[in-house]
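Below is one structure, written out as structure tokens; comments come after it.
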Amino acid sequence: MAITKAPARSNKIKMSIILPVYNEEDNIRLQYEEIISAVNPLKLRYEIIFVDDGSADSSVKILREICRTDKRVKLIEFRRNFGQTAAMSAGIANSKGEIIIFMDSDLQNDPTDIARLLEKIDEGYDVVSGWRKHRADKLMSRTIPSRIANRLISRVSGIKLHDLGCSLKAYRGEILRQVKLYGEMHRFIPIHASWVGARITEIPVNHNPRRFGKSKYGIVRTFKVILDLFTVKFMGSYATKPIYIFGGAGAVLFGLSVLSGIAVILMKIFLHHSMIRNPLLLLTVMLIILSVMFVLLGLLAEISIRIYHESQSKPPYSIKRTMNL
627 MAITKAPARS NKIKMSIILP VYNEEDNIRL QYEEIISAVN PLKLRYEIIF VDDGSADSSV
687 KILREICRTD KRVKLIEFRR NFGQTAAMSA GIANSKGEII IFMDSDLQND PTDIARLLEK
747 IDEGYDVVSG WRKHRADKLM SRTIPSRIAN RLISRVSGIK LHDLGCSLKA YRGEILRQVK
807 LYGEMHRFIP IHASWVGARI TEIPVNHNPR RFGKSKYGIV RTFKVILDLF TVKFMGSYAT
867 KPIYIFGGAG AVLFGLSVLS GIAVILMKIF LHHSMIRNPL LLLTVMLIIL SVMFVLLGLL
927 AEISIRIYHE SQSKPPYSIK RTMNL
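The working numbering runs 626 ahead of the 1-based position in the sequence shown.
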């Protein structure tokens, strides 16, 4: 009688949950316990990767204690604060999961939504973005600026998502590991993923009010997002054909110079103003030229930074210590 062997259990890690941490000592342990409670019933192999981004409180101490008691929890400690994008990049580089999920470590994301993200991945999507449809944040300083920024980003990028700023997202690892992250580009990861052909969808997720600690974001972040949007649009549309944008800027400047020249001539003919002593015209032309030059120099600097990092294979962070990796 032939003996049929039971199928070997896969040792592959199905899911990596990555959480950047910066001064969240009151939230860390509660966040960990909520994740465990939500993920254990799913009956799949997973890992939790906390990336401490140079915390100055006792966050690292608490994370080390958790790592000693639970080997599924991994810790990456940065030598200093490198920013959320660098923390997410380090998490991706050290993850093993077929699916990668990002969450904040401030208890505002609900781990029970992870199961719903996974369901959408199983339907064939490569990126599932959370939508904080009912945000538990301050209206004027957080919610309204975020809505404005998201609508602007969707309009420019062509990616129709309501909430690019929501950290709770799920990605297929094979897609996400093709994305290079630098600067403060973490909020644009779905756009980067779309460039390599990812299928993207969005689901409403829960959003809890912050119970402990202080938010690291304010209204200034909206302006930074708008500046980053210039880079995203340039890299997505003009990285291989920069003459389009530089030539377009030159055409606009030429058009403005023609208009300003006509205005000076008309002022000379009808108002008898001196053509060479018109300070308003000179100031306007100088401001236009300077603003365009600064934007274009910023784009060139972004390209130079990417060449610098990718040519040296140098990550945009420095790791002090790891646990369970």
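For every residue, glycine included, the Cβ atom is placed at its ideal position computed from N, Cα and C.
Could you pull out every residue in the same chain whose Cβ sits closer than 6 Å to the Cβ of SER783, ignoring the five residues on either side in sequence? ILE817
Expected contact under 8 Å - CB spacing of LEU951 and LYS697 to nearest Å: Contact flag wrong, Cβ pair sits at about 11 Å.
With distances taken from CA atoms, which of PRO667, GLU659, SER715 is nearest PRO941? SER715
When you compare only the Cα positions, how much space is there between ILE961 and LEU853? Nothing can be reported for residue 961, as the shown portion of the chain is limited to 627 through 951.
Quick one: using the 10 Å Cβ neighbour count with 16 as the cut-off for buried, is GLY823 buried or exposed? exposed
Looking only at C-alpha atoms, which of ASP679, PRO667, SER685, ARG671 sits nearest to GLN657? SER685
What is the rounded straight-line gap between the Cα of GLU703 and the Cα of VAL911? 50 Å
Kindly list the residues whose CB is nearer than 7 Å to the CB of ILE747, restricted to its own chain and excluding five residues on each side of it in sequence; keep chain order. ILE725, VAL754, ALA796, ARG798
GLN734 to ILE740 span [Cα, whole Å]: 13 Å
Going by the CB atoms, is the gap between ASP679 and GLY709 shorter than 9 Å? yes
Can you tell which of GLY881, ILE895, ILE902 has the C-alpha that lies nearest to the C-alpha of ILE915? GLY881
Whose C-beta lies closer than 6 Å to the C-beta of CYS792 among residues of the same chain, with five residues either side of it excluded? GLY756, ARG758
Among LYS722, THR711, ILE888, CYS693, whose alpha-carbon lies nearest the alpha-carbon of ASN637? LYS722
Using the three-state DSSP reduction, which class does LYS946 fall into: helix, strand or coil? strand
Would you report the Cα separation of VAL890 and VAL884, rounded to the nearest angstrom? 10 Å
In the DSSP assignment, find the unbroken beta strand (DSSP E) run with LYS640 in it and report its ends. Taken as a continuous stretch (DSSP letters only), LYS640 belongs to no beta strand (DSSP E), as it is neither H nor E.
DSSP-derived helix/strand/coil call for ASP678: strand
Cβ atoms of ILE779 and VAL665: under 9 Å apart, would you say? no
Among ILE662, LEU790, ASN832, which residue has its Cα nearest to the Cα of HIS760? ASN832
Quick check on the burial criterion: 16 or more other C-beta atoms within 10 angstroms. Buried or exposed for ASN834? exposed
With 16 other Cβ atoms within 10 Å as the buried cut-off, status of SER642: buried
Can you give me the C-alpha to C-alpha distance between GLU659 and LEU787, rounded to a whole angstrom? 30 Å
Am I right that ILE654 and ILE675 are in contact with their C-beta atoms under 8 Å? What's the rounded C-beta distance? Wrong, their Cβ atoms sit about 13 Å apart, outside the cutoff.
Please report how far the alpha carbon of SER772 lies from the alpha carbon of ARG813, in whole angstroms. 12 Å
Should ASN950 be flagged as near chain C, meaning a C-beta pair shorter than 9 Å? The structure shown contains no chain C; it is built from a single protein chain.
If we count the other Cβ atoms within 10 Å of its Cβ and call it buried at 16 or more, is ILE933 buried or exposed? exposed
How many whole angstroms separate the CB atoms of ARG694 and TYR751, which I take to be in contact at a CB cut-off of 8 Å? Not confirmed; about 37 Å, so no contact.
Who are the Cβ neighbours of LEU743 in its own chain at under 6 Å, not counting the five residues just before and after it? VAL754, ALA796
I think ASP732 touches GLU810, with their Cβ atoms under 8 Å apart; what is that distance to the nearest whole Å? Going by Cβ atoms, the distance from ASP732 to GLU810 rounds to 18 Å, so no, they are not a contact pair.
Taking all protein chains shown into account, decide if GLY717 is buried (16 or more other Cβ within 10 angstroms of its Cβ) or exposed. buried
The beta strand (DSSP E) spanning ARG798 covers which residue range? 795 to 798
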